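Worksheet: the structure to be examined is printed underneath.
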Amino acid sequence: MRIGGLLGVLVLAVLVSALGVIYAKHEGRKLFVQLQALEKARDQMNVEWGQLQLEQGTWATHSRVERVARKRLGMEMPAPQSVVIIRK
Amino acid sequence: MSERDDKQSYRGRRLLVLGLLVLAAGGLIARAVDLQVLDRDFLKGQGDARYLRVVEEPAHRGMITDRFGEPLAISTPVDSVWANPRVLIQQREDWARLARALRIDRAALERLLAARQDKEFVYLRRRVNPDMAARVMALEIPGVNLAPEYRRFYPAGEVTAHVVGFTDVDDRGQEGMELALEERLRGVPGAKRVIKDRLGRIVESVERVREPQPGEDVALSIDRRLQYLAYRELKAAVRRNRADAGSAVILDVRTGEVLAMVNQPAYNPNNRGRLKRSHLRNRAVTDVFEPGSTIKPFTVAAALETGRFRPETPVDTTPGYFRVGRKTIRDFRNYGLIDVSTVIQKSSNVGASKLALSLAPERLWKAYASVGLGESTGSGFPGESGGLLTDFGGWRDIQRATVSYGYGMSVTPLQLARAYAALASDGRPLPVSFVRRSAEEAAELAALYEPALSESSLRAVRRMMERVVARGGTGTRAAVPGYRIAGKTGTVKKSGAGGYVEDSYIAVFAGIAPASDPRLAMVVMIDEPRGEKYYGGAVAAPVFGKVMAGALRLLDIPPDDLPSMPGQRLALLHDAAADKGGAH
């Protein structure tokens, strides 16, 4: 009787723990899937960020800026006579 | 009786059947134990191997930026096309369009697949652009997949090529700072376990085995604006003078940081298809040359240090040549009786030799060694050369004389720039850094050095060097309007196998600015100019002048020589808003 009762409790405990494992595993999978989705989004944004940085880097190349300033905008270094030096 | 007989007669059979059943059950149990306990790991492993895979998750390499955070090297994810040869080998009819989409030869594709047909993985083409990746996947050929990888881009291209260096196809640093900073830049790839189907597609990610660790971003000491300016002017000068090569280095005098370092010929690190080995060399760090007259300021500083010479002490250079042993030291022309300052201004070899011969060899050697000549600059740049300064113990008269005007020793452009930076401050040669460094850090490092030249001698030498750039000097074309520049020209005969080569020179200019409170030290070296003029003052000094003018303006360093600019308009700060003329 006593041993039987103990056995019953143990069997129950095993069952509960087994269900717990299943639940935890399922939760883990769900969270992992969520993590994957978020990481994918992050990676996508990283890709975009990298490409934007590159694009900016390419547009802002000094040689290009200089070419545009001189040729298209007709800019030039001011002559010394037209420069005013400011003193504190 | 008969019943008992019956019972007795079946007992044997019963035992037999029972025995067989026990045996069979025992067999089953044994097999179950065998499978479940003894062979468990092997079988589970085999089962998992059918569909579970550990795949690598790439981690990106850290970014290299200039001192203000402008990118110089960025990794962006791109796709690499790979295939499962076992599957693809059966899709013979798809090969032609696959090869076309990948822009590779069909025969090459066939060979690749044939060679790897019993494997499950082969790269078809690595690091393709996004358009191509999309086109290939649109074909929907079984067994063909994409894998994310990183590709390194260098937005500044050839302008920073030698300093930044590059990485190989596996993202490991090969040259330059990419190699020197490998430990910090490198990302550690992670790993995850995934379930794959028969065609190798990832069906589900199961767990993460290892977190990917991206590399660290590193800011170099380079100023991209100065770098571009120096590159543009050096390139133009090398082309104009039909020279073989050239280098230019700008150092921050106060911190020992490299603000710009450029070389010709250069290469584009984004497209290294046809590349000559010689173009890869960062000559400013790896190549040595005899510094020639650019060493004279240190010779003169050593002479002033004895207290026996002052800037106005006369030195007789008549008749323009001077015999030491079997060798004759010559000046460009006979300068006659001149003072120590004029030795620098006119770059008199005879004068420098006479000063050197009046000094104890150790004293002279110490003046050179104390500014870092003959030792590595401490930059940690891969392949750096330490130059050569032989020990004074072996110097005979002729060596003492020739070393005083820069022959019989060798330096890299970076070493020379470091020596000039020491000359521009208090005589301590700060170790050079390619990575951003704070003023406190620089001060700590400076404390480790024992200057051999006093600040008063250095100041006097700098004043003499200002006359080099002034009217009547050898380096007038290095002048920058509004600023006091101290510099020295050098025109060095190139040495080849078996002595000095005729009509083959290196033109050098080394200088510091502004002379009243030095901030920048710069060296320009142009190798074998083949134009009409080959003097340092004609070839290298103009590069110095143009780059320094831009650098001083970009760094907001105020002019220290306004009286030299007649007609220059000045405004007091509170008037600035009222004056629309052109404040900057």
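Protein sequence lines, in the order shown, are assigned to chains A and B.
Residue numbering for the first sequence follows this note's numbering, starting at 1 and increasing by one per position.
Residue numbering for the second sequence follows this note's numbering, starting at 89 and increasing by one per position.
Idealized CB from N, CA, C, for every residue including glycine.
None of these values were measured; they are calculated from a predicted model.
Own chain partners of residue i with C-beta closer than 6 Å, once the 5 adjacent residues on each side are dropped
i, result
"B/P501", "S335, V337, A372, V611, M613"
"B/R213", "V169, L190"
"B/A244", "L160"
"B/R698", "There is no way to answer for residue 698 of chain B, as the model of chain B reaches only from 89 to 672."
"B/M349", "V251, V337, A372"
"B/A693", "Chain B is shown only over 89 to 672; residue 693 of chain B falls outside these bounds and no answer can be derived."
"B/S163", "H148, R149, Y238, R240"
Proximity to residue i [Cα-Cα], best of the options
i, options, result
"B/L201", "B/R565, B/P357, B/P173", "B/P173"
"B/A629", "B/T382, B/R418, B/S604, B/V438", "B/T382"
"B/E263", "B/L273, B/P399, B/H250, B/R411", "B/H250"
"B/E616", "B/T579, B/Q205, B/T164", "B/T579"
"B/K634", "B/A324, B/R119, B/Q134, B/V121", "B/A324"
"B/S592", "B/A489, B/G624, B/D305", "B/G624"
"A/K40", "B/A112, B/M497, B/E145", "B/E145"
"B/P277", "B/A566, B/E400, B/V142, B/R188", "B/V142"
"A/L54", "B/D122, B/D136, B/Y242", "B/Y242"
"B/L322", "B/N351, B/L176, B/T343", "B/N351"
Whether residue i touches residue j by CB criterion (9 Å)
i, j, result
"B/P300", "B/G150", "no"
"B/G587", "B/F632", "no"
"B/I645", "B/A603", "no"
"B/R699", "B/A510", "No information on residue 699 of chain B is available, as it lies outside the stretch 89 to 672 that chain B covers here."
"B/V523", "B/S309", "yes"
"B/L541", "B/S429", "no"
"B/E237", "B/R272", "no"
"B/S366", "B/A444", "no"
"B/E270", "B/V282", "no"
"B/Y495", "B/E378", "yes"
"B/Y423", "B/G413", "no"
"B/D649", "B/D605", "no"
"B/V388", "B/A609", "no"
"B/N329", "B/K582", "no"
"B/I426", "B/S441", "no"
Cβ neighbours of residue i in the same chain (closer than 8 Å, five flanking residues each side left out)
i, result
"B/D667", "Its pLDDT being 49, under 50, B/D667 is placed unreliably in this model, and the coordinates cannot settle the point."
"A/R70", "E76"
"A/A13", "none"
"B/K207", "P173, R174"
"B/Q656", "G570, L650"
Chain-ordered chain A contacts of residue i [CB-CB under 8 Å]
i, result
"B/L661", "I86, R87, K88"
"B/P165", "D43, N46, V47, G50"
"B/R313", "H62"
Neighbour list for residue i in chain B, Cβ cutoff strictly below 8 Å
i, result
"A/G74", "In chain order: nothing, as chain B lies at least about 16 Å away."
Per-residue contacts from residue i into chain B (C-beta, under 7 Å)
i, result
"A/Q81", "G655"
Closer than 7 Å at the beta carbon, the chain A residues around residue i
i, result
"B/P159", "Q53, G57"
"B/P501", "Chain A residues near B/P501: none, gap ~22 Å exceeds 7 Å."
Contact set for residue i: own chain, Cβ-Cβ below 7 Å, skip 5 residues either direction
i, result
"B/K415", "I486"
"B/A268", "G468, F469, P470"
"B/G638", "L317"
"A/L7", "none"
"B/A184", "R194"
"B/M653", "P569, G570"
"B/N359", "none"
"B/G670", "With a pLDDT of 44 at B/G670, under the threshold of 50, the modelled position of this residue cannot be trusted; read the value that follows with caution. If we look at B/G670 and ignore the five residues flanking it on each side, it has no Cβ neighbours."
"B/L477", "Y456, A457, L461, G462, M497"
"B/G253", "G261, Q262, E263, G264, M265, E266, L267"
"B/R488", "A444, L445, P449, L452"
Contact list for residue i against chain B, beta-carbon separation under 9 Å
i, result
"A/V21", "By Cβ distance, chain B contributes nothing, its closest Cβ being about 15 Å from A/V21, past 9 Å."
"A/Q34", "Residues of chain B passing the Cβ test: none, with the nearest at roughly 11 Å."
Listed by chain order, chain A residues near residue i by CB distance under 9 Å
i, result
"B/I162", "G50, Q53, L54, G57"
"B/Y316", "T61, H62, S63, E66"
"B/A244", "G57, T61, H62"
Using a Cβ cut-off of 7 Å, which residues of the region 223–242 of chain B contact any Cβ in chain A, in chain order?
F241
What are the residues in the region 647–659 of chain B lying within 8 Å of chain A by C-beta distance?
P647, L650, M653, G655, Q656, R657, L658, A659
Residues, ordered as in the chain, of the region 289–303 of chain B that lie near chain A by beta-carbon distance below 9 Å
E292, S293, V294, E295, R296
Chain E contacts made by the region 36–48 of chain A, where a contact means CB separation under 8 Å
Within the model displayed, chain E is absent; protein chains A and B are what it includes.
Contact list for the region 594–609 of chain B against chain A, Cβ threshold 9 Å:
none
Report the residues of the region 568–592 of chain B with a CB closer than 7 Å to any CB of chain A, ordered along the chain.
P569
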